[in-house]
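First comes the structure, then the notes that go with it.
In mature numbering (1 follows the signal peptide of the UniProt record, and there is no 0), the protein residues as written are -35 to -1, 1 to 292.
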């Protein structure tokens, strides 16, 4: 039995089908290029340097780095205590050191890190003291695109460490912690703090925009004092605007806000704002940066009247010589 021959499809229908298939293939390739997480060697060295290895802000991390990093920051500050304090209007001085090690579990995608701070201060009429902060452990993940977008989030835990501080040392601590108000939870006694946050970054040409927002939820794990709460919640936001003047030089401005959500404070002392202009030098495996830190509103909880600080931070990269795939 012979079947009748099937009539050929009209040329217009074939053209439309071919066009649809081409568009679907193009959309699949574009979506994969945008959504696929970057792996080592997925792009050329020039693209990696321009989009993924951009200079990090002095305080925030480089979101999409490929290799392990260590960042050290040293801050020196002059502080004007409150008029009612024992300092009697005399200037106090504080020094703050910050160390952070970060290791990629999956290059440019998943990271783990550890942070430790220490501070020292001299307050006239009160005394001087050296204070060690509580360690923080964290993990974070990031999605990134060769088009310059990156977003992700992380979760940190500040481990409770016992301290035996006198009333004078507690006054020195209240003075010193205003220098880095977004991390003051590391100097609380026997307090467990959970720190979730999310990150965003956009790079277009020589311009860098980076944002971090997070919440600190603290739980005191010792016997409460008369003026303490068992739990405390604060929120913080950091925004960075950077401009790459040349391949080895970048400038930028950080703006920080810390807001006390549950502290028993008057409304005019809940929000803390600070700005930090900076300049960073991008060398092969070392990135030194200089910046100043200035409050633009009430310092942390109104503990002091005013302060200004100078910061030196140095970021070190430890190349792992992972093989790079070729296109």
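Backbone N, C-alpha and C fix where the C-beta goes; we use that ideal spot for every residue, glycine too.
The structure presented is a predicted model; accordingly, all values stated were derived computationally and were not measured.
Close-in-space but distant-in-sequence residues of the same chain around residue i (CB under 8 angstroms, 5 per side omitted)
i           : result
residue 294 : Nothing about residue 294 can be reported from this structure: the residues present for the chain run from -35 to 292 only.
residue 271 : 44, 45, 260 and 264
residue 250 : 281, 282, 283 and 284
DSSP beta-bridge partners of residue i
i           : result
residue 199 : 181 and 225
residue 46  : 269
residue 108 : 116
residue 97  : 83
residue 173 : 168 and 207
residue 243 : 217 and 256
6 angstroms Cβ shell around residue i - same chain, five flanking residues per side excluded
i           : result
residue 184 : 157 and 196
residue 80  : 65 and 101
residue 67  : 34, 76 and 78
residue 254 : 23, 243, 245 and 278
residue 238 : 222, 261 and 262
Rounded straight-line distance, which links the Cα of residue j to that of residue i
i           : j           : result
residue 88  : residue 41  : 14 angstroms
residue 3   : residue 14  : In this prediction, residue 3 has a pLDDT of 46, which is less than 50 and means its spatial position is unreliable; nothing more can be read from the coordinates.
residue 189 : residue 113 : 48 angstroms
residue 19  : residue 193 : 43 angstroms
residue 63  : residue 99  : 12 angstroms
residue 245 : residue 236 : 29 angstroms
residue 202 : residue 240 : 12 angstroms
residue 286 : residue 25  : 25 angstroms
residue 280 : residue 47  : 35 angstroms
residue 252 : residue 173 : 16 angstroms
residue 292 : residue 31  : No answer about residue 292 holds up, because its pLDDT of 35 lies below 50 and its placement is not dependable.
residue 169 : residue 221 : 23 angstroms
residue 205 : residue 109 : 18 angstroms
residue 69  : residue 145 : 26 angstroms
Limits of the unbroken beta strand (DSSP E) element including residue i
i           : result
residue 255 : 251 to 260
residue 69  : 57 to 71
residue 169 : 156 to 169
residue 76  : 75 to 88
residue 21  : Per DSSP, residue 21 belongs to no beta strand (DSSP E) and is neither H nor E.
Boundaries of the alpha helix (DSSP H) in which residue i is found, first to last residue
i           : result
residue 139 : 132 to 141
CB of residue i within 7 angstroms of CB of residue j, strictly
i           : j           : result
residue 151 : residue 115 : no
residue 39  : residue 277 : yes
residue 118 : residue 163 : yes
Cutoff 7 angstroms; reference residue i; Cβ partners in own chain excluding five residues on either side
i           : result
residue 199 : 181, 223, 224, 225 and 226
residue -19 : Any reading at residue -19 is ruled out, since the residue's pLDDT is 45, under 50, leaving its predicted position unreliable.
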